Amino acid sequence: MYAVAPSSWLTSTLSLIGIPVHTPVLVINFNLEEQIKARLSALGVVKGIRLVVLRRAMLGGPLHVRLDMGAELAIDASVAKGVVVQQQTGSDSSEQLEQRAFFGWRKQLASPEAKEIGVVVAGIMQ
């Protein structure tokens with residue numbers, strides 16, 4: 158007899174462009190040129206970060222996303238196609254992700270990627 162994993166363990170991997178609005182996802186990989194990956198990294202979009210698509214522009218325009226550290230940015234649709242994300246059932250709602258945003262930015266700024274690109278934060282929240 159084989160054990161069956163609970164449905165809450167099931168995950169799916171797809172491109173950011175295919176994610177429904179207000180669905181939290183985890184960035185797991187990039188299928189992009191190095192220059193574009195470096196730009197996304199400088200903006201805070203790195204492997205392991207959680208984000209949510211807030212809006213989509215009409216006619217295949219950019220996606221408005223919020224990172225778990227609270228930053229919001231627009232990602233071109235052609236770039237979003239190369240961002241591989243993982244959608245998990247039973248993950249936090251977009252409201253819970255927004256509540257964590259205020260505290261999540263500190264962890265992100267302490268990441269090796271942030272230090273590598275020279276992120277400097279001085280005098281914030283002392």
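Start counting the sequence shown at 158; every next residue gets the next number (my numbering).
Don't be surprised by glycine CBs; every beta carbon is placed ideally from N, CA and C.
These numbers come from a predicted model, not from an experiment.
Between the C-alpha atoms of GLU190 and LEU230, what's the straight-line distance to the nearest angstrom?
Answer to the nearest angstrom: the Cα atoms are 20 Å apart.
Give me the DSSP bridge partner(s) of ASN186.
ASN186 is bridged to VAL241.
Under three-state DSSP, which class holds ALA258?
Residue confidence for ALA258 is low, a pLDDT of 48 falling below 50, so the modelled location carries little weight; the figure read from the coordinates is stated next. Residue state, collapsed to three classes: helix.
Using a Cβ-Cβ cut-off of 6 Å (strictly less than) and excluding sequence neighbours within five positions of ALA237, which residues of its own chain qualify?
For ALA237, where only same-chain residues beyond five positions count, the Cβ hits under 6 Å are LEU173, ILE174 and LEU220.
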